[in-house]
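2 protein chains.
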Amino acid sequence: MAQEKKLVEAITSMETDFAQWYTDVVKKAELIEYSSVRGCMILRPNGYSIWENIQKELDSRFKATGVENVYMPMFIPESLLQKEKDHVEGFAPEVAWVTHGGLEPLQERLCVRPTSETLFCDFYSNIIQSYRDLPKLYNQWCSVVRWEKTTRPFLRSMEFLWQEGHTAHATAEQAEERTIQMLNVYADFCEQVLAIPMIKGRKSEKEKFAGAHATYTIEALMHDGKALQSGTSHNFGDGFAKAFDIQYTDNENKLQYVHQTSWGMSTRIIGAIIMVHGDDSGLVLPPRIAPTQVMIVPIMQKKEGVLEKAAEIKEKLGAYRVKVDDADKSPGWKFSEQEMRGIPIRIEIGPKDIEANQAVIVRRDTREKITVSLDEIDKKVGEILTLMQAEMLERARTHRDTHTYTATNMEEFAQTVAQKPGFIKAMWCEDEACEKEIKEKTGATSRCMPFEQEKIADTCVCCGKPAKTMAYWGKAY
Amino acid sequence: MAQEKKLVEAITSMETDFAQWYTDVVKKAELIEYSSVRGCMILRPNGYSIWENIQKELDSRFKATGVENVYMPMFIPESLLQKEKDHVEGFAPEVAWVTHGGLEPLQERLCVRPTSETLFCDFYSNIIQSYRDLPKLYNQWCSVVRWEKTTRPFLRSMEFLWQEGHTAHATAEQAEERTIQMLNVYADFCEQVLAIPMIKGRKSEKEKFAGAHATYTIEALMHDGKALQSGTSHNFGDGFAKAFDIQYTDNENKLQYVHQTSWGMSTRIIGAIIMVHGDDSGLVLPPRIAPTQVMIVPIMQKKEGVLEKAAEIKEKLGAYRVKVDDADKSPGWKFSEQEMRGIPIRIEIGPKDIEANQAVIVRRDTREKITVSLDEIDKKVGEILTLMQAEMLERARTHRDTHTYTATNMEEFAQTVAQKPGFIKAMWCEDEACEKEIKEKTGATSRCMPFEQEKIADTCVCCGKPAKTMAYWGKAY
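Protein chains in written order, with the numbering used here: chain H, 135 to 611; chain Y, 135 to 611.
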């Protein structure tokens with residue numbers, strides 16, 4: 135079979151070429167297919183079902199904090215996009231413009247939303263009148279478009295799926311509280327469900343969102359030592375409220391501007407799952423996010439009783455997401471296919487196993503083989519999934535921590551960037567000139583000023599003036 | 135309060151002006167808000183949560199038949215849209231065109247998908263090689279854009295949310311089987327969950343989908359006697375496969391074209407829920423689709439123990455979707471707000487009720503008041519929700535059946551259309567000329583040729599020649 139041949143070909147190893155390894159995994163695990171539209175990818179069932187699980191998990195966490203879902207139009211009239219000065223400057227160069235509807239040119243062109251602050255603000259200015267209408271805690275799941283020059287699956291594409299939360303509050307304090315609350319929701323979700331530890335912190339003025347008062351971020355370290363911004367939460371203060379005239383009457387009947395936030399996580403996070411957990415055999419999915427947690431592979435499946443026993447085991451594992459691979463292919467072929475796809479547990483069951491009332495469980499991450507009695511297979515599978523989830527997080531944390539360095543002067547900083555891919559913790563005067571100089575000299579950007587501060591030195595790593603903050607730096611996706 | 139005043143104003147009655155009643159309900163039940171983009175609506179939490187429930191129900195029904203979800207790009211290059219002749223003729227006049235990306239004009243313009251047959255075909259031509267790759271049973275949840283001249287909330291908007299399933303099969307029989315299977319999924323869902331009875335049948339050649347071999351439809355009758363096409367399922371035969379060169383090698387190693395289907399249901403169905411079940415006090419939601427099934431309204435809520443008892447009842451009703459309305463508003467205000475929003479059951483609980491260990495349950499559809507002991511309130515709520523669901527379906531069915539007429543000649547037909555809004559069953563020769571004449575003379579269109587045929591007469595209601603089929607006719611949204 136042409137298809138079999140394609141899969142059995144080894145993927146590029148991480149050591150040889152990490153970028154090619156990534157592309158191979160994404161393609162051969164059938165997460166995506168390229169489309170005939172430049173920079174737009176097709177999310178295939180293996181990829182989309184991961185996103186469905188992310189949605190389910192995040193959505194219930196959002197709703198638990200009082201958030202409600204809405205759906206806004208995908209088009210933004212040019213005049214609306216232009217209402218907030220910094221925002222339009224940030225986004226106008228990278229939007230797609232609709233200029234014709236049917237056979238007619240439009241009187242005003244519309245951009246396809248790159249993000250929906252302007253639409254939410256316009257909406258809020260219509261529906262918020264009184265302090266009784268606050269807070270508004272809205273979110274939408276949708277796709278957005280940014281006209282990127284170079285694209286990579288999940289990491290940077292012209293169109294991508296995401297959620298964008300937009301809230302409006304009576305006071306600055308409530309807005310700040312919500313901004314941090316949602317950043318924590320993201321970080322907890324990534325740690326607990328995706329087994330990816332996050333650094334939480336504030337973005338520099340240079341790196342913050344166009345129009346935001348402050349941007350907070352969660353940053354993860356990939357296997358190759360590059361950082362990935364994995365989710366952001368913005369406090370807008372009352373900047374957008376003033377631009378869009380969103381006012382409410384307070385309980386003393388005075389007009390006040392609302393304070394707003396927005397926060398988003400996208401399919402980009404699937405790139406993080408791949409690059410944090412994957413290995414040279416393909417994807418490794420944390421059990422809590424894996425669309426299929428257990429794949430049962432019947433051995434000598436044409437022998438009487440084998441498929442029946444496989445079905446029986448599946449039945450017994452009803453608490454988990456389980457499939458039986460009864461395709462007309464060899465077990466060896468199935469093993470490598472499922473490894474490629476990152477399925478956490480494989481169960482092998484053949485005539486000899488049945489005779490011994492046992493099955494072989496193979497963990498995807500460690501390849502450990504565990505022979506278990508069929509009588510307690512459900513209990514054992516549960517234990518292994520829990521253990522695997524915990525150990526994957528710990529391995530990712532250890533990798534991050536052993537690839538986090540410090541630097542107190544530029545020589546040390548540049549040497550570390552050049553020789554040891556990872557995070558660098560270094561002091562900073564918070565001057566944008568130093569940030570730019572560091573980027574020009576080393577290629578590393580400021581990732582964030584973490585909530586958990588440490589004092590590495592007294593002076594800025596770049597200019598030597600008194601430092602104000604410790605920041606994380608690194609090369610980033 | 136300005137907001138209170140707005141809601142307490144009566145909505146237009148159905149009898150006075152059905153169209154205005156519809157617009158009032160949609161707006162005052164806060165299902166939608168108009169946006170600053172012509173013809174695009176904002177789905178507010180009350181509206182979007184209905185769609186979320188529709189998605190949840192349909193999605194699990196799709197998956198039970200083996201369907202997997204994917205996500206395709208929202209853009210279609212003009213050359214791709216043009217590959218199938220009938221399809222491009224049907225859709226090109228009503229698409230939005232993206233001509234610029236960032237600051238640059240595009241070499242080839244892209245349309246925003248009005249539907250995604252062309253993208254799926256292009257995808258399938260890349261991933262289908264062998265009979266082992268079939269069937270492909272893919273679906274996506276997304277928004278699509280059609281540049282409509284006149285728009286109405288839910289019923290016809292420039293952008294709307296929907297799902298579109300696209301399947302590829304080895305044989306014509308399998309494609310036809312899947313087409314009918316999905317039509318049945320839609321019809322069952324509408325009857326069981328939305329309490330809307332459907333007429334299932336085939337569309338005429340004139341009304342079928344651009345590029346389809348055959349289109350099947352489910353048609354519902356609204357309260358005003360107009361028909362609403364509520365979901366469609368298309369059999370494409372191998373037409374698209376030939377245009378897009380989607381071939382597979384069969385088990386004798388011969389090249390064959392695949393046979394395809396597509397099927398869709400959209401937010402339009404929310405319009406049907408409103409117009410089938412609503413009344414002069416607003417929306418009436420069938421319990422199975424209602425985001426909130428029970429609203430508990432505390433009476434004299436500042437009295438000690440009232441809010442506590444309301445919370446206790448909510449706890450006891452954990453099997454249902456229940457909220458307590460503890461807003462600082464009068465009970466009367468809350469009653470009409472919840473009626474407007476169509477919440478199936480209201481529970482009133484005040485100091486006197488607590489003393490008597492009882493509560494008052496009020497059904498939204500019949501307004502019936504039922505006093506129940508708090509000891510059995512969960513059982514009673516369950517019974518009432520079940521009964522209400524069943525009775526809403528029966529009322530809708532009775533309304534439809536008593537508004538379905540027959541006609542055997544054009545005079546009778548025209549008179550019925552003019553005087554008795556509803557479905558008309560009439561025989562037809564299947565000649566498009568008659569279909570056009572009927573539309574011109576009466577405004578009624580052929581809704582479908584139902585699977586359940588009856589013989590009303592021997593001759594076509596229009597031309598008097600021998601009839602081939604019985605069709606449903608009516609004015610439609």
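In this text, a Cβ means the ideal position worked out from N, Cα and C, and glycines have one as well.
Query raised in the report: Since Cys174/H meets chain Y, which of its residues come closer than 9 Å, beta carbon to beta carbon?
Result: Met206, Pro207, Met208, Phe209
Report task. Report buried or exposed for Phe585/H, applying the criterion of at least 16 other Cβ atoms within 10 angstroms of its Cβ. Result -> By the neighbour-count rule (16 or more Cβ atoms within 10 Å), Phe585/H is not buried but exposed.
**Report entry** Residue of Gly236/H, Glu251/H, Val232/H, Thr249/H minimising C-alpha distance to Arg243/H
**Finding:** Val232/H
Query raised in the report: Which stretch, first to last residue, makes up the alpha helix (DSSP H) that contains Phe225/H?
Result: 219–225
Requested in this report: Sort out for me which residues DSSP pairs Leu389/Y with in a bridge.
Outcome: DSSP lists Thr383/Y as partners of Leu389/Y.
Query raised in the report: So what does Trp607/H bridge to, in DSSP terms?
Result: For Trp607/H, which the question treats as bridged, DSSP gives the partners Ile558/H, Ser580/H.
Query raised in the report: To which residues of the same chain is Asn385/Y closer than 6 Å at the C-beta, ignoring the five residues directly before and after it?
Result: Result list for Asn385/Y: Tyr265, in chain order.
Report task. Measure the Cβ-Cβ separation of Val440/H and Ile479/H and say whether it is below 9 Å. Result -> no
Report task. State buried or exposed for Arg336/H, treating a residue as buried only when at least 16 other CB atoms are found within 10 Å of its CB. Result -> buried
Query raised in the report: Where Arg280/Y and Val229/Y are concerned, what is the direct C-alpha to C-alpha distance, given to the nearest angstrom?
Result: Straight through space, the alpha carbons of Val229/Y and Arg280/Y are spaced by roughly 5 Å.
**Report entry** Test: Arg178/H CB closer than 9 Å to a CB of chain Y
**Finding:** yes
Requested in this report: Going by CA-CA distance only, name the one from His300/Y, Ile558/Y, Lys283/Y that's closest to Leu271/Y.
Outcome: Leu271/Y has its Cα closest to that of His300/Y, out of His300/Y, Ile558/Y, Lys283/Y.
Query raised in the report: Is Ala354/Y closer than 9 Å to Arg534/Y when the C-beta atoms are compared?
Result: yes
Query - Contacting residues, own chain, Cβ-Cβ under 7 Å from Ser507/Y (five flanking each side not counted) - result: Asn491, Gln492
Query raised in the report: Thinking just about the alpha-carbon of each residue, which of Ala306/Y, Thr285/Y, Glu566/Y is nearest to the one in Gly173/Y?
Result: In this structure, Thr285/Y is the residue among Ala306/Y, Thr285/Y, Glu566/Y with its C-alpha nearest to the C-alpha of Gly173/Y.
Query - Closest by C-alpha distance to Met148/Y, when choosing among Ile518/Y, Val319/Y, Gly484/Y, Ser415/Y - result: Ser415/Y
Query - Best match in Ala548/Y, Arg498/Y, Gly359/Y, Met208/Y for proximity to Leu614/Y [C-alpha to C-alpha] - result: Look at the range of chain Y in this structure, 135 to 611, and you will see that residue 614/Y is not part of it.
Report task. Could you please give the first and the last residue of the uninterrupted beta strand (DSSP E) stretch that includes Ile479/H? Result -> 479–483
Query raised in the report: Hey, is Phe196/H's beta-carbon within less than 9 Å of any beta-carbon in chain Y?
Result: no
Query - CA-to-CA distance, Met474/H to Ser213/Y, given in whole angstroms - result: 35 Å
Report task. At 9 Å on the CB atoms, spell out the chain H contacts of Thr249/Y, in chain order. Result -> In chain order: nothing, as chain H lies at least about 15 Å away.
Report task. List the residues that DSSP assigns as beta-bridge partners of Ser303/H. Result -> Rather than Ser, the amino acid found at residue 303/H in this sequence is His. In the DSSP output, where bridge partners are listed per residue, His303/H has His393/H.
Query raised in the report: Considering Trp281/Y, what are the terminal residues of the alpha helix (DSSP H) in which it resides?
Result: Counting along the chain, Trp281/Y sits inside no alpha helix (DSSP H), nor does DSSP assign it H or E at all.
Requested in this report: Using the Cα positions of Ile261/Y and Glu167/H, report the straight-line distance between them to the nearest angstrom.
Outcome: Cα to Cα, Ile261/Y sits roughly 9 Å from Glu167/H.
Query raised in the report: Under a CB-based cut-off of 9 Å, is Gln137/H close to chain Y?
Result: Summary for Gln137/H: the model assigns pLDDT 46, below 50, so the residue's position carries little reliability; its value from the coordinates is reported in the next sentence. Judged by the 9 Å Cβ criterion, Gln137/H is in contact with chain Y.
Report task. May I ask you to list, following chain order, the residues of the region 156–173 of chain Y that have a beta carbon less than 8 Å from some beta carbon of chain H? Result -> Cβ contacts with chain H: Glu167, Ser169, Ser170, Val171.
Query raised in the report: Run through DSSP, which three-state label would Ala136/H get?
Result: Residue placement at Ala136/H cannot be trusted, given a pLDDT of 43 that sits under 50; what the coordinates show is reported in the next sentence. Three-state DSSP puts Ala136/H in a helix.
Report task. Use the C-beta contact count for Gly412/Y: other C-beta atoms within 10 angstroms, 16 or more gives buried, fewer gives exposed. Result -> buried
Query raised in the report: Got a sec: is the Cβ-Cβ distance from Glu186/H to anything in chain Y below 9 Å?
Result: yes
Query - Pairwise C-alpha distance: Thr383/H and Ala136/Y - result: In this predicted model, Ala136/Y has a pLDDT of only 43, less than 50, meaning its place in the structure is not dependable; the value taken from the coordinates is given anyway. C-alpha separation (whole angstroms): 12 Å.
**Report entry** Short CB-CB distance (under 9 Å) between Asn260/H and chain Y
**Finding:** Taking Cβ atoms only, chain Y reaches closer than 9 Å to Asn260/H, which makes this a yes.
Query raised in the report: Is the CB of Asp256/Y under 9 Å away from at least one CB in chain H?
Result: yes
Requested in this report: State the DSSP-derived secondary structure class of Tyr265/Y, mapped to helix, strand or coil.
Outcome: Taken through DSSP and simplified to helix, strand or coil, Tyr265/Y comes out as helix.
Query - Unbroken beta strand (DSSP E) run spanning Gln241/H, endpoints - result: 238–246
Query raised in the report: With a cut-off of 9 Å, does the C-beta of Val246/H fall near any C-beta of chain Y?
Result: yes
Requested in this report: Please confirm if the region 581–601 of chain Y is in contact with the region 556–570 of chain Y, defined as three or more CB-CB distances below 8 Å between the two stretches.
Outcome: yes
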